[in-house]
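Asker: Here it is: the structure, laid out below.
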Amino acid sequence: AQSVAQPEDQVNVAEGNPLTVKCTYSVSGNPYLFWYVQYPNRGLQFLLKYITGDNLVKGSYGFEAEFNKSQTSFHLKKPSALVSDSALYFCAVRDDKIIFGKGTRLHILP
Amino acid sequence: NAGVTQTPKFQVLKTGQSMTLQCAQDMNHEYMSWYRQDPGMGLRLIHYSVGAGITDQGEVPNGYNVSRSTTEDFPLRLLSAAPSQTSVYFCASRPPATSEHGVRVTANSPLHFGNGTRLTVT
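As they're listed, the protein sequences go chains A and B. Counting from 67, one number per residue, gives the positions in the first sequence under the working numbering. Counting from 117, one number per residue, gives the positions in the second sequence under the working numbering.
Structure below.
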């Protein structure tokens, strides 16, 4: 069965520093991987996806994610964090259905 | 386009009451789904539909019914509300399948979410 794990409930990063939000997955076939962001009192917004091709995927708001097949990971990254990046981030995997991780709350400290 | 619209935004029910959460999209999306979001649990799939007249169960379907009579609407019904159904409910849809090299592909389309309905059952 497919699954996705986000091992950190919360990540704190100082503004201007690089950030990483971790995600690992398990699927039986080729993985289709997504990152979404949720701001308070809003639905989830799509950030980026990996379907096939280059392992480094670029998305919205300067975010990128690195697909690593051997480690079954799809970590979200940004070179320089902004206070406005503070939000709840979800990793998702699609096999037969779309399954979400439990989310990681990102706090960017001014 | 309004996108995915959910109503109401807030609702309080007493145990045993019934209600319908509405979801409508104006993007001609074939796929629609309902999730519930609970602290520490992430989003869990309740029901989904791949097109008008077709529905299927997700991870946590018990206590919920759905129907899909039109492409635009996908209501979620609670027949007898329970405190365990206190949650934030999100409706999401996905664009129609595309064709790549003659193969119908839907997996690469991201979901479009509504802004949620916060439900409290007392």
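All C-beta atoms, glycine included, are put in the ideal place defined by N, C-alpha and C.
Please list, in chain order, all residues of the same chain as Pro-199 of chain B whose beta carbon is under 6 angstroms from its beta carbon, the five residues on each side excluded.
Answerer: Cβ within range, chain order: Val-237.
Asker: Considering only the beta carbon of each residue, do Lys-144 of chain A and Gly-158 of chain B sit closer than 8 angstroms?
Answerer: Contact flag unset, no.
Asker: In chain order, what are the residue ranges of uninterrupted alpha helix (DSSP H) at least 4 long that sit wholly in the stretch 111 to 157 of chain A?
Answerer: List check, alpha helix (DSSP H) in window: nothing returned.
Asker: Starting from Gly-119 of chain B, trace the beta strand (DSSP E) both ways and give me its first and last residue.
Answerer: Per DSSP, Gly-119 of chain B belongs to no beta strand (DSSP E) and is neither H nor E.
Asker: For the stretch 122 to 142 of chain B against the stretch 188 to 197 of chain B, are there 3 or more C-beta pairs whose distance is under 8 angstroms?
Answerer: Cβ pair count under 8 angstroms is three or more, so yes.
Asker: Taking beta-carbon pairs under 8 angstroms, can you tell me which members of the stretch 114 to 147 of chain A lie near chain B?
Answerer: Residues Lys-115, Ile-117.
Asker: From what residue to what residue does the beta strand (DSSP E) around Leu-227 of chain B run?
Answerer: Looking at the DSSP string, Leu-227 of chain B is not in any beta strand (DSSP E), and its letter there is neither H nor E.
Asker: If you measure from the beta carbon of Pro-191 of chain B to each beta carbon in chain A, is any gap under 8 angstroms?
Answerer: Pro-191 of chain B does not count as touching chain A.
Asker: Report all residues from its chain with a CB closer than 7 angstroms to the CB of Ser-92 of chain A; omit the five preceding and five following residues, and keep chain order.
Answerer: Hits under 7 angstroms: Gln-68, Ser-69, Thr-138.
Asker: In chain order, what are the residue ranges of uninterrupted beta strand (DSSP E) at least 3 long that sit wholly in the stretch 138 to 197 of chain B?
Answerer: Fully enclosed beta strand (DSSP E) runs of 3 or longer: 147 to 154, 158 to 167, 170 to 173, 180 to 182, 192 to 194.
Asker: Return the CA-CA distance between Thr-171 of chain B and Arg-171 of chain A, expressed in angstroms with no decimal places.
Answerer: Rounded to the nearest angstrom, the two C-alpha atoms are 33 angstroms apart.
Asker: Can you grab the Cα-Cα spacing for the pair Val-77 of chain A / Ala-197 of chain B, in whole Å?
Answerer: C-alpha separation (whole angstroms): 36 angstroms.
Asker: Give me the Cα-Cα distance between Ser-134 of chain B and Ser-150 of chain A, rounded to the nearest whole angstrom.
Answerer: In a straight line, the C-alpha of Ser-134 of chain B is about 39 angstroms away from that of Ser-150 of chain A.
Asker: Please report the straight-line C-alpha distance between Lys-124 of chain A and Val-176 of chain B, rounded to a whole angstrom.
Answerer: The alpha-carbon atoms of Lys-124 of chain A and Val-176 of chain B are separated by roughly 33 angstroms.
Asker: Apart from the five residues just before and just after Gln-173 of chain B, which ones in its own chain have a Cβ nearer than 7 angstroms to its Cβ?
Answerer: Same-chain partners within the cutoff: His-163.
Asker: Just how far apart, CA to CA, sit Pro-155 of chain B and Leu-154 of chain A?
Answerer: Whole-angstrom Cα-Cα distance: 11 angstroms.
Asker: Determine the extent of the beta strand (DSSP E) in which Ala-80 of chain A is found, giving its start and end residues.
Answerer: Note, Ala-80 of chain A: beta strand (DSSP E), 76 to 80.
Asker: Looking at the unbroken beta strand (DSSP E) that takes in Ser-69 of chain A, where does it start and where does it end?
Answerer: Residues 69 to 71.
Asker: Tell me whether the beta-carbon of Ala-131 of chain A lies closer than 8 angstroms to the beta-carbon of Trp-101 of chain A.
Answerer: Yes, they are a contact pair.
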